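Single-structure report; data block below.
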Amino acid sequence: MTTDSTFRTEMIEAREAPNQSRGVIGWFRANLFNGPINSIVSVVVIYLIARLVWPFLEWAVIDADWIGTTRDACTGDGACWVFISARFESIIYGFYPEAARWRVDIVFALLAILVAWLAIPGTPRKKWVALFTLIVFPIIAYFLLVGGSFGLEYVPTRAWGGLMLTLTIAVVGIVGSLPLGIILALGRRSKMPFVKGICVIFIEFWRGVPLITVLFMASVMLPLFVPGNLDFDKLLRALIGIMFFWSAYMAEVIRSGLQAIGKGQNEAGQALGLSYWHRTGLIILPQALKMVIPGIVNTFISLFKDTSLVLIIGLFDLLAIIRAGLTDSNWLGFSTEGYVFAAAVFWVFCFSMSRYSQYIERRLNTGHKR
Amino acid sequence: MSEATASRTTAPGSDGPMIEIDHLNKWYGSFHVLRDINLNVAKGERIVICGPSGSGKSTMIRCINHLEEHQQGSIVVNGVPMTNDVKRIEQIRRNVGMVFQHFNLFPHLTVLENCCLSQIWVQKKPRAEAEKTAMEYLERVQIADQALKYPGQLSGGQQQRVAIARALCMRPEVMLFDEPTSALDPEMIKEVLDVMIELAHEGMTMLCVTHEMGFAKTVADRVIFMDQGQIIEEAPPTEFFNNPRSERTQLFLSQILGH
């Protein structure tokens, strides 16, 4: 008798995927040439990229002049990178006295070592290195960069400039705005009306004004309001302004992460008898921060790029130093080189942050988002 | 576990009731969600709470460890009256373990770290000792081999067993179960119920909100039926299932047992 029902006596073994979907050729087939229209589009796009990129490479690399000390060295049609190399020192150090530049070298070498130590997984004693970086290092950096004690020559902050100033502002801004942002985000979610109110007002105020206004206020307006004998350093004022401004953005990014954590996580912590700060620090924040790493790094990158706005209050960061060099009568007409170089430097730093954040995301993924 | 059971029977004040709920009333806005709840639970008693959804059964057991705040009436847990004082609430919570419908494991921590977290930060135990306790309980729920995995790598049933172990690590006097098997695939319900039955046989005071009537018949000392925020019927399981007195209970039982 025949029926509609079927049954299986042997299970099917897992087989390898067909050849076409694997390897380089498989990738090309799947992504660029999986149909006539896609193939045409791919070819056109590849052609356009080649047409645009090749002239740039010709200008920037092949026909470029690299060696020399004056503009006479630049004879070809390509870029004149001599302009950059001749001014390289001032691009890095600004007007920092030549005799004292070793101090800048030490500070940033130390910073690079500490950051690498913290960033590379598997290095020992991370906790102590982190404490050192956050507490001892700033003190060392302050005394080395500013000087005026321990027999070091005093270097006023108006002499700071170039890449070192850009990095100083970026590092202080990043290190300051993240914890401040966390506190503001937690405060905004607080059940206490006073705490919540303060945080909302702070965030909405700083988010509502343009950064340029903040910098102007810090450099021009603030001295009018505070008594004359109380003289804050201009860079310090700018740093505080930048920190507050970006902490407001950071707070909203982090709040979106806090929002995304289910109520159950907090309840589970409560049921175990954990206090508010334990729940926040051990359960909620680690998950929330991990979730918003892209947003946090996005803010870091914006902050890094916007450091160049300090040029409007007369601080000479990397971009401002290069712009200043463009007005040098010996080097007129090399603005393209200057801006391309500035862009490249900014891009390297920002892209590094972006790649590192992606790496961290992969590393911290514990398989709960599937 | 025999050691823990022994210590519980000799605990001070072991003659008084474990939980006393007296004229408990709670509103969500203007909605009267718990109405005049009176319930005493003796030490070692196993209570199953059932009822249609929205009847307030979860809300009631969540009041016992103050995940929900009540407006009127009193709750006394193991001799400690519940107030709004945070320290007092945390003191009560240390004695009350809770298992949730959706497990609520901490996804960023391994199974072992989940079990150690509150031991280390609330009970201030050294890590080694906390891990030893954690492994004991993970062993008991038969999941010790997964201790170093993250919750996201486990099945629902495994996660719920970890959640039970995590609560037990605090050596609570009472365990609250809020629909512990409702989010599980049928294949996994049994493994969780087995753990709960074992726990019941060891003398743990338990309050379970569940629709697992088989479980209620096996272990419950009393079954409580709730509807519209009030306790409608309260009886030993044989009586509850064989001669339910109220019409609401009869209707409810016919609906969940009838198919």
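Line by line, the protein sequences give chains A and B.
Per my numbering, the very first residue in the first sequence carries number 6; after that it's consecutive.
Per my numbering, the very first residue in the second sequence carries number 24; after that it's consecutive.
C-beta: ideal position from N, C-alpha, C; glycine also.
Only a predicted model underlies this, so the values are computations on that prediction, with no experimental measurement involved.
Between residue i and chain B, is any beta-carbon pair separated by less than 8 Å?
i, result
"A:G300", "no"
"A:K295", "yes"
"A:S195", "no"
"A:L191", "no"
"A:L244", "no"
Going along the chain, which residues of its own chain have a beta-carbon closer than 7 Å to the beta-carbon of residue i, five neighbours each way excluded?
i, result
"A:A329", "F321"
What residues of chain B sit near residue i, judged by a beta carbon separation below 7 Å?
i, result
"A:L287", "L140 and W144"
Under 8 Å Cβ-Cβ, which residues of chain B neighbour residue i?
i, result
"A:Q270", "N127 and F129"
"A:P1", "The question about residue 1 of chain A has no answer here: the residues shown for chain A are numbered 6 through 375."
Straight-line CA distance for residue i to residue j?
i, j, result
"A:L369", "B:L132", "11 Å"
"B:A29", "A:T371", "With a pLDDT of 39 at B:A29, under the threshold of 50, the modelled position of this residue cannot be trusted; read the value that follows with caution. Taking the straight line joining both Cα atoms gives about 39 Å."
"B:N63", "B:I44", "6 Å"
"B:P209", "A:V350", "59 Å"
"B:E162", "A:I17", "36 Å"
"B:A151", "B:W144", "13 Å"
"A:G300", "A:S334", "43 Å"
"B:M211", "A:L119", "49 Å"
"A:A348", "A:W336", "19 Å"
"B:L230", "B:L199", "5 Å"
"A:L40", "A:I51", "Checking the sequence, you will find Gly at residue 40 of chain A rather than Leu. Spanning the two alpha carbons is a distance of roughly 16 Å."
"B:F126", "A:Y364", "30 Å"
"A:L221", "A:I318", "For clarity, residue 221 of chain A is Phe in the given sequence; the question names Leu instead. Straight-line Cα distance between these residues: approximately 7 Å."
"A:G104", "A:C204", "Note that residue 104 of chain A is Ala in the sequence shown, not Gly. Their backbone Cα atoms lie some 46 Å apart in a straight line."
"B:L285", "A:G278", "Any answer about residue 285 of chain B is impossible in this case: the structure gives chain B only from 24 up to 282."
"B:E214", "A:A256", "44 Å"
"A:G28", "A:E21", "13 Å"
"B:S25", "B:H224", "Confidence in B:S25 is poor, its pLDDT being 42 and thus under 50, which makes the residue's placement unreliable; the coordinate value appears in the next sentence. Using only the alpha carbons, I get a separation of about 11 Å."
"B:W50", "B:V103", "24 Å"
"A:V49", "A:V302", "34 Å"
"B:K147", "B:L207", "34 Å"
"B:P75", "A:P215", "56 Å"
To which residues of the same chain is residue i closer than 6 Å at the C-beta, ignoring the five residues directly before and after it?
i, result
"B:S81", "D201 and V232"
"A:A219", "A small fix is needed here, since residue 219 of chain A is Val in this sequence, not Ala. Around A:V219: G246 and F250."
"A:D82", "D68"
"A:L185", "S252"
"A:R106", "Y98"
Cβ of residue i less than 8 Å from any chain A Cβ?
i, result
"B:E113", "yes"
"B:M193", "yes"
"B:F200", "no"
"B:R163", "no"
"B:R116", "yes"
Leaving out the 5 sequence neighbours to the left and right, which residues in its chain are closer than 8 Å to residue i when beta-carbon positions are compared?
i, result
"A:C85", "A69, D70, R76, A78, C79, F339 and E342"
"A:L37", "N43, S44 and S47"
"A:L123", "K131, V134, A135 and T138"
"A:L308", "A175, G178, I179, S182, I247 and W251"
"A:S261", "V297 and G300"
"A:S224", "K239, R242, A243, I318 and G319"
"A:P102", "E158, V160 and A164"
Counting only Cβ pairs nearer than 9 Å, list the residues of chain A close to residue i.
i, result
"B:L90", "E272, Q275 and A276"
Can you list the residues of chain A that residue i reaches, using a CB-CB cut of under 7 Å?
i, result
"B:M3", "There is simply no residue 3 of chain B to check, as chain B begins at 24 and stops at 282 in what is shown."
Would you mind telling me which residues of chain B sit closer than 9 Å to residue i, beta carbon to beta carbon, in chain order?
i, result
"A:L279", "E113, R116, L140, S141, W144 and V145"
With three or more C-beta pairs closer than 8 Å as the rule, is the segment 44-55 of chain B touching the segment 88-97 of chain B? Segment contact: the segment 88-97 of chain B against the segment 44-55 of chain B, three or more CB-CB distances shorter than 8 Å; contact assigned.
I want to know whether the segment 59-74 of chain B touches the segment 223-241 of chain B - three or more CB-CB distances under 8 Å. The answer is yes - the segment 223-241 of chain B touches the segment 59-74 of chain B, with three or more Cβ pairs under 8 Å.
Count the CB pairs spanning the segment 192-201 of chain B and the segment 164-172 of chain B that are closer than 8 Å, and state whether there are at least three. With a cut-off of 8 Å, the segment 164-172 of chain B and the segment 192-201 of chain B do not count as touching, because too few Cβ pairs lie within range.
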